[in-house]
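A.B. asks:
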Amino acid sequence: MNSEPEYQFCPVCGGRLLSSVLKSGEPPRLVCSSCSFVFYQDPKVAACSVVEVEDRIVLLQRSVQPQKGKWVMPGGFVDRGEEVKAAAMRETEEECGIRTRIKDLLGVYSYPGRIVVVVAYIAEYVSGPLRVADESMDMMLVTPEEVPWSELAFPSTTDALKDYVAGKGMKKSDGSRLARPILQP
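Going left to right, the sequence shown walks through residues 2 to 186 as the working numbering numbers them.
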């Protein structure tokens, strides 16, 4: 279920917004009772990266809500007019202090009743020292065996990491290749 607050007033004229079905089969839309402006509540796009650093991946421990104290990949919301890949690289640099290069699209993750659509990439380290920024409490580089599956922040974090481990054949810490995905117990 969507926990976002409903808007009450029109951004054009300030009139009251009312819920109305404009077209059969579509969800209700917010329509201004004064000027008839239709306020579409579209999804918000976030971009993140599974960042590879010497056969390990970067995880950050969130210092803010939601899911404070849980682990995520570097990422955040895409700014209006920004390319999604650019947002993933920008967020990684802001949150970790490193420059990355996008290697591939990992997946797109959305869930019923949720407003955020997450676009996840696989990125490789290019330059810069790893550091923890203000949105994180801690950082760790992990192998597949070390991923704290029960402590991940969001369904998209879990799903993207599962897809990464399954699809990339990531190396285990002993140098051997994984034969199958490592899944949450």
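Built from N, CA and C at the ideal position, the CB exists for glycine as well.
1) Name the one or two DSSP bridge partners that isoleucine 58 has.
2) Given valine 13, which residues of its chain have a CB within under 7 Å of its CB, disregarding the five upstream and five downstream residues?
3) Can you tell which of Gly16, Ile103, Leu107, Ala154 has its C-alpha closest to the C-alpha of alanine 124?
4) Helix, strand or coil for aspartate 105 per DSSP?
5) Do serine 137 and glutamine 66 come within 9 Å of each other at the CB atom, strictly closer than that value?
6) Alanine 121 bridges to which residues according to DSSP?
7) Evaluate contact between the stretch 89-103 and the stretch 120-135, counting only Cβ atoms and requiring at least three cross-stretch pairs below 8 Å.
8) Rounded to whole angstroms, what's the CA-CA distance from threonine 93 to valine 117? Just pull it up for me.
9) Got a sec? Which residues, its chain only, sit under 6 Å from methionine 90 by beta carbon, not counting five neighbours each side?
10) Please tell me whether tyrosine 122 and alanine 48 are closer than 9 Å, where the distance is taken between their beta carbons.
C.D. replies: By the coordinates alone:
1) In the DSSP assignment, the residues bridged to isoleucine 58 are Glu53, Val143.
2) Cys33, Cys36, Phe38
3) Ile103
4) strand
5) no
6) Cys49, Gly108
7) yes
8) 18 Å
9) Thr101
10) Between tyrosine 122 and alanine 48, the C-beta gap is smaller than 9 Å, which places the two residues in contact.
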